[in-house]
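In my numbering, the protein residues as written are 13 to 255. Reviewing the structure listed below.
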């Protein structure tokens, strides 16, 4: 993706800082607004945002807009899913181009120009994971399982990322590396804090929520899903080593 960015060495660090500040503000302000609109005991994991918006609209005399707000929230969720699928499909697409996966994954649709094979793969896997999440679980439990499973799978690459940063700080700095403020000590500190924070988040996600009715089923889904995805990654790595 570097080839698609104008002056990446200048703009990527700037974009990381700006987006980090904006994302933090969005989450902090959104959580604060939710707590102001509803008492803590009335906030549900599935309907917290929707109920908060409806409560504020009722107080302001705009209760009729609750349906429109729910529609916009659903529309925004669909847009988020679309962006996630479009982004994640680039991984098997590029892997197909580099022959880590069968070359069919590197093909694009003759009419739409999209990596349709990669999109079908990621969409199929996502649908299968969602269906398995509902096996032996309620809607609330399935949502929690999928959210925590996503957290673990999403954070594992960050362990490697921060470990690489620590190694970079300990060893000699290769030419062309964008420095972190604080020099070698700052690099090691940032890498260590990031690694420990990510590891703690993964460990906490392995524990089932207090109201889980079948904790063994929860653990089997989380650990089994992680093992399956890590196994797929290992097979791709072995295939790449043989090329």
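Glycine is no exception: its CB is placed at the ideal position from the N, C-alpha and C atoms. In this text the structure is predicted, and so the values were computed from the model without any measurement.
Give me, in chain order, the residues of the same chain whose beta-carbon lies closer than 6 Å to that of residue 81; leave out the 5 immediate sequence neighbours on both sides.
By one-based count along the chain shown, residue 81 stands at place 69. Only 65 meet the Cβ criterion.
Beta-carbon contacts of residue 97 that lie in its chain and below 8 Å, excluding the five residues immediately before and after
Against the chain shown, residue 97 aligns to sequence position 85. Counting only Cβ-Cβ distances below 8 Å, and skipping sequence neighbours, we find 131, 134, 135, 138.
Take the Cβ of residue 31 as the centre, count every other Cβ of all protein chains shown within 10 Å, and call the residue buried at 16 or more, exposed below.
In the chain shown, residue 31 corresponds to position 19, counting from 1. Residue environment: residue 31 is assigned as exposed (fewer than 16 neighbouring CB atoms within 10 Å of its CB, all protein chains considered).
Closest residue to residue 249 among 107, 172, 143 (Cα-Cα distance)
Residue 249 sits at position 237 when you count from the first residue of the chain shown. Scanning 107, 172, 143 for the CA closest to the CA of residue 249 turns up 107.
Look up residue 139 in the DSSP assignment and say whether it is helix, strand or coil.
Residue numbering aside, residue 139 sits at position 127 when the chain shown is read from its first letter. If DSSP states are grouped into helix, strand and coil, residue 139 belongs with the helices.
Starting from residue 204, follow the alpha helix (DSSP H) in both directions and report where the run begins and ends.
One-based indexing of the chain shown puts residue 204 at position 192. That run of the alpha helix (DSSP H) goes 195-217.
Tell me whether the segment 199-213 and the segment 167-182 touch, counting them as touching only if at least three CB pairs, one residue from each stretch, are closer than 8 Å.
The segment 199-213 is in contact with the segment 167-182.
Helix or strand or just coil, what does DSSP make of residue 122?
Reading the chain shown from its first residue, position 110 is the one you call residue 122. DSSP places residue 122 in coil when its eight states are reduced to three.
I'd like to check one pair, residue 195 with residue 174: are the Cβ atoms closer than 7 Å?
On the chain shown, position 162 is the one that residue 174 refers to. On the chain shown, position 183 is the one that residue 195 refers to. Not in contact: residue 174 and residue 195 (Cβ atoms no closer than 7 Å).
Let's see if you can read the secondary structure: which residues bound the alpha helix (DSSP H) around residue 102?
Reading the chain shown from its first residue, position 90 is the one you call residue 102. Its alpha helix (DSSP H) spans residues 102-109.
Looking only at C-alpha atoms, which of 111, 236, 237 sits nearest to residue 253?
Along the chain shown, one-based indexing puts residue 253 at 241. For residue 253, the closest of 111, 236, 237 by C-alpha to C-alpha distance is 111.
How many angstroms separate the CA atom of residue 235 from the CA atom of residue 73?
For the purposes of this step, residue 235 is identified with residue 223 of the chain shown, where counting begins at 1. For the purposes of this step, residue 73 is identified with residue 61 of the chain shown, where counting begins at 1. Rounded to whole angstroms, the gap between the alpha carbons of residue 235 and residue 73 is 48 Å.
Can you name the start and end residues of the alpha helix (DSSP H) that residue 21 belongs to?
Counted from its first residue, the chain shown places residue 21 at position 9. Note, residue 21: alpha helix (DSSP H), 20-49.
Determine the burial state of residue 256: buried for a count of at least 16 other Cβ atoms within 10 Å of its Cβ, exposed for fewer.
The structure shown does not extend to residue 256, since the chain is modelled only from 13 to 255, so the question has no answer here.
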